[in-house]
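Asker: Before I ask anything, here is the structure I am working with.
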Amino acid sequence: MSYITYEYSIINFETSWILQKSLLFRKKLKIIKDKKYRTLPNLAIILKHPYIYTSSFKKIDISSNFHMVMKIINFHTIDRGGKISYHDSGQIICYCITDLLIYQNNLKKYLNILHSLIKKLLSLYKIKTSQFESSHLPGIWLQNSKIASIGIKIINWISMHGFSINLNINLKNIKDINLCGIPRINSINFIKLMHKISDNQIKYRLILTIKTNKCLLMFNK
């Protein structure tokens, strides 16, 4: 099964959410109409967001200091797994609209594919990462610091949302939250490990990593 990959620059979160849902439901309606549409390519949307905090509809795990400023910042509760997360333009994000039939409707298998894709990208820079077996510690880690996060939503066995990789995020903006619901979590930036590298190069290599998995490219600047 191939992917069509859309590449954008910086898009606000609300726009990307609407885009994801419209693509997901269009795919869903086509499949309901005719099962042959299951053979159509899946979709991957690569972009960045301005400064924003997001959380699932579950209990929001934040400090009292953060409560004081919630009303004046860009904060959204959304329909994905995981807990509170932070995004800004120093992060590369990939949203995947995937028909999980190709993974035998096996959610764990799909999540492992996403983990493997991120690890493969980072290995191109000789960055050795790990992932924990525990479902309470999702994402990709460099020793005890998190460099990538994963959060998805499944609707009728079609996924949305996806993963994010820290390139050069403002780490000060996550000091008052329990990132992904984990107390005292450390995060690390890609740029700290690879000083002389551009965001565009990393984005290009992500696209190539997806392409090696038989993905098609479609650019939308």
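For the working numbering, count along the sequence shown from 1 and bump the result up by 21. Cβ coordinates follow ideal geometry from the N, Cα and C atoms, glycine included.
Which residue from Met215, Phe184, Ile218, Lys196 puts its Cα closest to that of Arg101?
Answerer: Closest by alpha carbon: Phe184.
Asker: Which residue from Asn165, Ile218, Ile190 puts its Cα closest to that of Ile113?
Answerer: If we check each option's Cα against that of Ile113, Ile190 comes out closest.
Asker: Check this for me: beta carbons of Asn177 and Lys54, under 8 Å apart or not?
Answerer: In this structure, Lys54 does not lie closer than 8 Å to Asn177 by Cβ.
Asker: For Ser170 and Lys217, I'd like the C-alpha separation in whole angstroms.
Answerer: Roughly 23 Å separates the two Cα atoms.
Asker: Using alpha carbons as the reference points, say which of Arg205, His182, Ile31, Ile168 lies closest to Ile118.
Answerer: With distances taken between Cα atoms, Ile118 lies closest to His182.
Asker: If contact is defined by three or more beta carbon pairs under 8 Å, each pair taking one atom from either stretch, is the segment 36–44 in contact with the segment 64–79?
Answerer: With a cut-off of 8 Å, the segment 36–44 and the segment 64–79 count as touching, because enough Cβ pairs lie within range.
Asker: Are there any heavy atoms of the ligand ATP lying less than 7 Å away from the beta-carbon of Tyr29, as far as the coordinates show?
Answerer: Inclusion of the ligand ATP in the displayed structure is not the case, the ligand content being empty and no account of it being possible.
Asker: Mapping DSSP to helix, strand and coil, what is Trp178?
Answerer: Coil.
Asker: What's the C-alpha gap between Asn126 and Leu143?
Answerer: Roughly 27 Å separates the two Cα atoms.
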